[in-house]
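Asker: In my numbering, the protein residues as written are 28 to 215.
Note that the Cβ used here is the ideal one computed from N, Cα and C, for glycine as well.
Structure incoming, see below.
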Ligand code: GRF
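This is how it looks when you write it as structure tokens:
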């Protein structure tokens with residue numbers, strides 16, 4: 028059984044694009060670490076199995092990480108796609124799924140790791156921007172790069188406009204990369 032596990036914390040627009048692309052797996056499971064995430068409702072509407080491991084229900088980060096690993100292992104995922112998942116996975120988690128965890132980030136990594144990428148790009152007067160899909164390790168927005176889409180920064184761009192322009196590209200890139208990876212022998 029091939030399972031795609033998508034991990035979210037919020038809006039879930041990348042998750043929805045992945046679902047719409049109908050990746051060739053037997054099962055898609057969506058896990059959220061926030062029970063109120065908009066994406067949870069969307070995933071349910073698509074008929075996905077939804078797992079909630081709400082960070083607020085755990086006293087310590089260690090307890091949360093332990094439960095996260097336990098429930099994810101139970102799903103034996105072929106591929107894990109982080110889509111706006113706002114939690115850094117610990118090394119135990121990452122080592123459990125070598126070359127099987129990917130993330131999308133709204134910048135041309137290794138530039139602009141972390142939050143507020145669009146604002147920082149504009150402040151630096153950087154002329155190109157974009158999005159990256161990369162393998163995940165235990166460091167924030169780190170790990171081997173898989174694919175990027177590059178866009179020009181326009182003189183009239185604001186952080187909000189750039190966010191929209193980059194997100195549009197994320198929605199193209201992420202389903203495409205997932206489809207490509209699932210066709211690789213490693214994931215069969
Ligand atoms: C996206 O910009 C993604 O690159 C970043 O978090 C955002 C999630 O948006 N990691 P959404 O929840 O997929 O709409």
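Could you say which of 126, 93 and 168 lies nearest to residue 104 if we only look at CA atoms?
Answerer: Translated into the one-based positions of the chain shown, residue 104 becomes position 77. Here the closest residue by C-alpha is 126.
Asker: From this set, 75, 65 and 71, which residue's C-alpha is nearest residue 31's C-alpha?
Answerer: As a working note, residue 31 is residue 4 in the chain shown. Here the closest residue by C-alpha is 75.
Asker: Hey, residue 62 and residue 81 are a contact pair by Cβ (cut 8 Å); roughly how many whole angstroms apart?
Answerer: Stepping through the chain shown from its first residue, residue 62 is reached at position 35. Stepping through the chain shown from its first residue, residue 81 is reached at position 54. About 5 Å; that satisfies the 8 Å criterion.
Asker: Can you tell me whether DSSP reads residue 106 as helix, strand or coil?
Answerer: As a first step, residue 106 must be located in the chain shown, where it is residue number 79. Three-state DSSP puts residue 106 in a strand.
Asker: Going by alpha carbons, who is nearest to residue 132 out of 123, 121, 160 and 116?
Answerer: As a position in the chain shown, residue 132 is number 105, starting the count at 1. Cα-wise, what sits closest to residue 132 is 160.
Asker: Checking 7 Å against the spacing of the C-beta atoms, do residue 114 and residue 166 come in under that value?
Answerer: One-based indexing of the chain shown puts residue 114 at position 87. One-based indexing of the chain shown puts residue 166 at position 139. Contact: no.
Asker: Is residue 62 helix, strand or coil by DSSP?
Answerer: In the chain shown, counting from the first residue as 1, residue 62 sits at position 35. In this structure, residue 62 counts as coil in the three-state DSSP scheme.
Asker: Note the first and the last residue of the continuous beta strand (DSSP E) segment covering residue 76.
Answerer: As a working note, residue 76 is residue 49 in the chain shown. That run of the beta strand (DSSP E) goes 76-79.
Asker: At a cut-off of 6 Å, is residue 186 close to the ligand GRF when judged by its beta-carbon and the heavy atoms of the ligand?
Answerer: Locating residue 186 in the chain shown gives position 159, where the first residue counts as 1. No, the ligand GRF has no heavy atom inside 6 Å of this Cβ.
Asker: With a threshold of 16 other CB atoms inside 10 Å of the CB of residue 183, please say whether the residue is buried or exposed.
Answerer: Working through the chain shown from its first residue, we reach residue 183 at position 156. Residue 183 is exposed by the Cβ-count criterion.
Asker: So what does DSSP say about residue 54, is it helix, strand or coil?
Answerer: Along the chain shown, read from residue 1 onward, the residue named residue 54 stands at position 27. Strand.
Asker: Is the beta carbon of residue 180 closer than 7 Å to that of residue 154?
Answerer: Along the chain shown, one-based indexing puts residue 154 at 127. Along the chain shown, one-based indexing puts residue 180 at 153. In contact: residue 154 and residue 180 (Cβ atoms closer than 7 Å).
Asker: Thinking just about the alpha-carbon of each residue, which of 64, 69 and 134 is nearest to the one in residue 83?
Answerer: Walking along the chain shown from the start, residue 83 turns up at place 56. It is 64.
Asker: Quick check: the Cα distance between residue 195 and residue 110, rounded to an integer number of angstroms?
Answerer: Against the chain shown, residue 195 aligns to sequence position 168. Against the chain shown, residue 110 aligns to sequence position 83. Roughly 14 Å separates the two Cα atoms.
Asker: What does residue 179 pair with, by DSSP beta-bridge criteria?
Answerer: Here residue 179 is taken as the residue at index 152 of the chain shown, counted from 1. Bridge partners of residue 179: 155.
Asker: Since residue 185 is in the beta strand (DSSP E), which residue starts that stretch and which ends it?
Answerer: The residue you call residue 185 lines up with position 158 of the chain shown. Element bounds for residue 185: n/a, residue is neither H nor E.
Asker: Use the C-beta contact count for residue 134: other C-beta atoms within 10 angstroms, 16 or more gives buried, fewer gives exposed.
Answerer: As a first step, residue 134 is located in the chain shown; it is residue number 107 there, counting from the start. Classification of residue 134: buried, given that the 10 Å Cβ count is 16 or more.
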